[in-house]
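Just so we're aligned, residue 709 is where the sequence shown starts under the working numbering, counting upward by one.
Cβ atoms here follow ideal geometry from the backbone N, Cα and C, with glycine treated the same way.
Structure record follows, encoded as structure tokens.
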Amino acid sequence: MKLIKIKGIVIKEVAYSDYDKIITVLSDEIGTITCMAKGAKRTSSAILASSQYLVYSEFILFKGSTFYHVNSASSISMFYHLKIDFDKLSLVFPLTKSIISLTDENVDTTKILKLFLNALYVLENIDKNNILVVNIFRIKFLCLLGYSPHIINCNKCGCNFKEAEEKIYYDYLNNEFMCTECSKSDKKRYIKLPFACLVAIKYIILSDTNKVFSLSLKEDYIKDFDNFGQAFLNYITHGV
Ligand SMILES: [Zn+2]
709 MKLIKIKGIV IKEVAYSDYD KIITVLSDEI GTITCMAKGA KRTSSAILAS SQYLVYSEFI
769 LFKGSTFYHV NSASSISMFY HLKIDFDKLS LVFPLTKSII SLTDENVDTT KILKLFLNAL
829 YVLENIDKNN ILVVNIFRIK FLCLLGYSPH IINCNKCGCN FKEAEEKIYY DYLNNEFMCT
889 ECSKSDKKRY IKLPFACLVA IKYIILSDTN KVFSLSLKED YIKDFDNFGQ AFLNYITHGV
């Protein structure tokens, strides 16, 4: 039986029987995997803590015929304070859902894991607008998956976006940015964004995963930034 050592965080847990659980783990090097955590629901279990939602651990696994099995685990970070804050936890649920739907097994997810851990750390410990943190995660996550939007110039006429430009328009049906002039043809399908949001998006695309959460944005722009983050994720997840 070949044992595999990984680091990862539990992003879903489902009861399998009275004592066993199936957990979904965002790992460092082998993608998002499904593991049988045998006996994890017993209070005496050595993997009781490590098999819980949002616990980051080092796992020793072996591969069975359908999924991995947890041989042993030792927790590294529990995110305890985050998990007892319902408002913050309710923001994290959709993030774990999008990780599950957009990542696969057998791919290197080291950067995505690091990004997610950083997001959780900032949400738990740093006094920063939570909606800003969530959207930094969303945008960088999609960029790491290869979906960086083109934001240097208008996708229709090619003009360069300048600060003088009052607003930038995000076409959420085509995942493209437009200038004011080009957006006039059909205003219904565009989200109007202040230039500051475009600068923020550019920063997220270009910054290293470790630095991305140092971004700050005026409170006035958070709503627009959130609208973009949601629309961008919807476009990638549902094609709308
Ligand atoms: Zn244009």
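- Take S782, set aside five residues on each side of it, and the residues of its chain with a beta-carbon closer than 8 Å to its own are S758, S765, E766, in chain order.
- Considered as a whole, the segment 724 to 797 harbours 788 to 791 as its complete alpha helix (DSSP H) runs of no fewer than 4 residues, in chain order.
- Residue burial is scored here from C-beta neighbours: E871 has fewer than 16 other C-beta atoms within 10 angstroms and is therefore classed as exposed.
- In this structure, ligand 1 has a non-hydrogen atom nearer than 6 Å to the beta-carbon of K864.
- Taking C-beta atoms under 8 Å as the contact rule, F921 and A827 qualify, at a distance of about 7 Å.
- C-alpha of L881 to C-alpha of F775: approximately 37 Å in a straight line.
- With a cut-off of 6 Å, the C-beta of C905 is classified as distant from ligand 1, since no heavy atom of the ligand falls inside that distance.
- DSSP places D879 within a strand segment (E or B) once states are collapsed to three.
- E874 is the residue among C851, V778, I731, E874 whose C-alpha sits nearest the C-alpha of F903.
- With contacts defined as CB atoms closer than 7 Å, Y878 and I899 qualify as a contacting pair.
- With a threshold of 6 Å, the Cβ atom of C867 counts as near ligand 1, since some heavy atom of the ligand is closer than that.
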